[in-house]
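Peer 1:
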Amino acid sequence: MKSANSNVLVSVVIPTFNRANRIIKTIESVLSQTYSNLEIIIIDDNSKDNTYEVIQSYLSEDIRYYKNEINVGGAKSRNIGVTHCRGDLIAFLDSDDEWLPEKIELQVNKFNDNNNIDMVYTDYYLVNENNNKKLIFKENEELDNELLSILCKNFIGTTSTICIKKDVFNEIKGFDEQLPSCQDWDLYMRVLSNGYNIAKVDTPCLNYYYHNNSITGNVNNVIKGHEIVLEKIKKLIKSKNIDNRSYKIIMSSNYERLAHIYMKNKKIREGRKYFIKAINSNFKNVKAVNHLILSLANESIYYKLKKI
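Using the working numbering, read the sequence shown as starting at 2 and increasing by one per residue.
1) Are there 16 or more other CB atoms within 10 angstroms of the CB of residue 138, so buried, or fewer, so exposed?
2) Where does residue 154 fall in DSSP's three states?
3) Is residue 174 closer than 7 Å to residue 122 when the C-beta atoms are compared?
4) With 16 as the cutoff for other CB atoms within 10 Å, does residue 296 come out buried or exposed?
5) Cα separation between residue 23 and residue 51?
6) For a test of the three-state rule: what should DSSP assign to residue 89, helix, strand or coil?
7) Would you call the segment 160-176 in contact with the segment 234-245, where contact means no fewer than 3 C-beta pairs closer than 8 Å?
8) Three or more C-beta pairs under 8 Å: does that hold for the segment 86-98 against the segment 8-16?
9) Across the segment 39-51 and the segment 110-126, are there enough close Cβ pairs to call them in contact, namely three or more that are closer than 8 Å?
10) Which whole-angstrom value is the C-beta distance of residue 212 and residue 130, which I expect to be below 8 Å?
11) From residue 20 to residue 235, what distance separates their C-alpha atoms?
12) For residue 99 versus residue 27, is the C-beta spacing smaller than 7 Å?
13) Taking the straight line between their C-alpha atoms, what separation do you get for residue 1 and residue 261?
14) Taking contact to mean at least 3 C-beta pairs separated by less than 8 Å, is the segment 180-191 in contact with the segment 280-288?
15) Mind checking which residues open and close the alpha helix (DSSP H) that includes residue 12?
16) In the DSSP output, what is residue 205 paired with across the bridge?
17) Between the alpha carbons of residue 285 and residue 298, how many angstroms are there, rounded?
18) CB-CB under 6 Å to residue 101, same chain, minus the five flanking residues each way: which ones, in chain order?
19) Which same chain residues end up closer than 6 Å to residue 45 when comparing Cβ atoms and leaving out the 5 residues on each side of it in sequence?
20) On the criterion of 16 or more Cβ atoms from any shown chain inside 10 Å, does residue 60 qualify as buried, or is it exposed?
21) Count the other CB atoms within 10 Å of the CB of residue 270; is the residue buried (16 or more) or exposed (fewer)?
22) Here's a check: name, in chain order, each residue in its chain whose Cβ is nearer than 8 Å to the Cβ of residue 81, leaving out the five neighbours to either side.
23) My output table needs one value for residue 44: the three-state DSSP class, helix, strand or coil.
24) May I ask whether a heavy atom of the ligand MN can be found less than 6 Å away from the beta carbon of residue 221?
25) What residues match up with residue 39 in a beta bridge as DSSP calls it?
26) Can you check which of these residues, 86, 89, 104, is closest to residue 32 by C-alpha distance?
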């Protein structure tokens, strides 16, 4: 494997809120990287626990800590973190996740191999509350074009997988601080819609921990975020003059996703409504048809198949 150019400083932004019991493992996963030219920026979103006391012994010129005066949320905390970064490359890591040792080296290699690459993401492991792991492969299989694919779904995944050029991040104005969820997906859409190039490391480089009190577990925020992003998608489709076939696939995919979110949270009527919208948008969406039939005929089978 070609060795990464260690002259490039990579800034790691770790937003945290009341994660004193988890953040040390997160920091250690950065310190265990095979790539050494790193700095860590910890943004404490006004935690009420003993986060500072726990991490205090780690602090140095290259591991810096900043605490928000009020709780501002993950998106703004990440944006604040970037303002403190000295590196040309920015990586994000949630304070309950852990990188695998070669993550940054593999990503820097991608940047070194092609100067036109602006952001690199990786595969990852999804880890549940019982520490069971599932390998997540992220592919843009929906449509041939990466922009069209990201409008269909977030094929990149969590921000903890990405490494992005700082000037690109600043050019697209960072994370949308008004979004209650889907901030990662929205960022990737703006990366691609502005003509920047992405690449993937075909190796799992992250343990992504799913738990009920994460943003992904808050149904109201998830639904509202998806609805706002859907409106952004509609505007992008119009501004990019996207063809009718792709439009149908994109809209159907988004309606189907909302249907599953509603169904997962036992909002059966709303879920069925969005399955119907998905089918009306694209009659070839066989999955939406099958799931609608299952939800009408036997809800228990639907939930078993979806592993909800």
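Glycine included, every Cβ here is placed at the ideal spot set by N, Cα and C.
Peer 2: With the structure as the only source:
1) exposed
2) coil
3) Contact check for residue 122 against residue 174 fails: the beta carbons are separated by 7 Å or more.
4) Residue 296 should be labelled buried.
5) 12 Å
6) In the three-state reduction of the DSSP assignment, residue 89 falls in the coil class, being assigned neither a helical nor a strand state.
7) no
8) yes
9) no
10) 6 Å
11) 37 Å
12) yes
13) Residue 1 lies beyond the residue range present for the chain, which begins at 2 and ends at 309; the question has no answer from this structure.
14) No: the two stretches stay apart, fewer than three of their Cβ pairs being nearer than 8 Å.
15) Residue 12 -> not in any alpha helix (DSSP H); beta strand (DSSP E) instead, spanning 11-17.
16) 124
17) 21 Å
18) 206
19) 17, 52, 68
20) exposed
21) Exposed, since its Cβ has fewer than 16 Cβ neighbours within 10 Å.
22) 44, 67, 69, 73
23) strand
24) Of the ligands one can find in the structure shown there are none, so the ligand MN has no counterpart to examine.
25) Note: residue 39 is bridge-paired with 11 in the DSSP secondary-structure output.
26) 104
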